[in-house]
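**Q** Have a look at this one before I ask anything.
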Amino acid sequence: LSAKAAPPAPTIGAVSATGATTASVSFTAPSGNGGSSITSYTAISNPGGITGSITQAGSGTISVTGLSPSTSYTFTVKATNAIGTSNASSASASITTNVAAPAFTLSSSTESKTANTAISGYTITSTGGTIASYAISPVAPAGLTFDTTTGLLTGTPTSVASATNYTITATNASGNSTATFTLTVSS
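The numbering of the sequence shown is the numbering used here, which starts it at 115 and goes up by one.
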């Protein structure tokens with residue numbers, strides 16, 4: 115007759131970033147359970163101590179949410195039974211969460227100018243992940259230049275045009291975001 119105890123530590127497995135704020139942590143159940151069935155496993159991030167849990171007795175994969183984008187993490191896993199919680203597994207290999215999707219705002223969403231008068235344009239405030247490039251649709255009108263690196267529309271329109279909605283798209287590896295700038299050019 116042996117005393118019941120907390121289970122031995124599980125074995126860490128593969129870890130992967132599944133998004134900007136999420137990771138998947140695989141583990142193998144320990145060979146013993148301390149004399150009491152294992153009821154759950156908890157993955158713990160380093161840094162942050164952010165946790166994810168799964169309720170089961172055997173090996174599996176835990177999803178950890180609430181991580182920070184573009185951040186390197188390692189993970190450990192602990193097993194729990196009715197008696198207590200195991201020591202932590204060894205640390206996983208390091209992974210880096212994905213970059214956050216871009217998000218941005220324009221300082222102005224509309225402008226009216228007379229032909230052959232320089233536009234004031236707008237400034238861009240990025241509120242999400244780092245923006246890799248910008249695009250505009252439709253193409254910038256005659257006399258104006260659109261910069262795909264900064265997302266800025268500058269110059270002097272040379273032709274009269276009714277109110278035209280220009281969609282500015284910011285893109286990075288995780289996705290894209292859009293904003294609309296309306297320009298009217300009168301005579």
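Every residue, glycine too, gets a C-beta built ideally from N, C-alpha and C.
According to the neighbour-count rule (16 or more other Cβ atoms, all chains shown, within 10 Å of its Cβ), is S206 buried or exposed?
**A** To locate residue 206, count along the sequence shown from 1; it is residue 92. Label assigned to S206: buried.
**Q** Quick check on DSSP: helix, strand or coil for Y280?
**A** Counting from 1 along the sequence shown, the entry for residue 280 is found at position 166. Three-state result, Y280: strand.
**Q** Which runs of the beta strand (DSSP E) at least 3 residues long sit entirely within the segment 183 to 252? Give them in chain order.
**A** Here the runs fully enclosed are 186 to 195, 218 to 220, 224 to 228, 238 to 240 and 247 to 251.
**Q** Can you give the Cα-Cα distance for T285 and T244, rounded to whole angstroms?
**A** Position 171 of the sequence shown, counted from the first residue, corresponds to residue 285. Position 130 of the sequence shown, counted from the first residue, corresponds to residue 244. Straight-line Cα distance between these residues: approximately 9 angstroms.
**Q** Which one of V213, G242, G257 and T262 has the shortest CA to CA distance from T231?
**A** Translated into positions along the sequence shown, residue 231 becomes position 117. With distances taken between Cα atoms, T231 lies closest to G257.
**Q** From the DSSP output, in three-state form, read off S151 for me.
**A** Position 37 of the sequence shown, counted from the first residue, corresponds to residue 151. Correct three-state label for S151: coil.
**Q** When DSSP labels each residue in this structure, what does I164 get in the three-state scheme?
**A** Numbered from its first residue, the sequence shown carries residue 164 at position 50. Looking at I164 - three-state DSSP - the assignment turns out to be coil, as it is neither helix nor strand.
**Q** Spatial neighbours of N279 within its chain, please: CB distance less than 6 angstroms, with the 5 preceding and 5 following residues excluded, ordered by chain position.
**A** For the purposes of this step, residue 279 is identified with residue 165 of the sequence shown, where counting begins at 1. The residues are T294 and T296.
**Q** Any chance the segment 191 to 201 sits against the segment 148 to 155, with 3 or more Cβ pairs inside 8 angstroms?
**A** At 8 angstroms Cβ cutoff, the stretches touch.
**Q** Can you look up T146 in the DSSP assignment and give me helix, strand or coil?
**A** Position 32 of the sequence shown holds residue 146. This sequence places Gly at residue 146; Thr is not what is there. In the structure shown, G146 sits in coil (DSSP, three-state: anything other than H, G, I, E or B).
**Q** If distances are taken between C-alpha atoms only, which option among S291, A137 and Y155 comes closest to A143?
**A** As a position in the sequence shown, residue 143 is number 29, starting the count at 1. Per the Cα distances, Y155.
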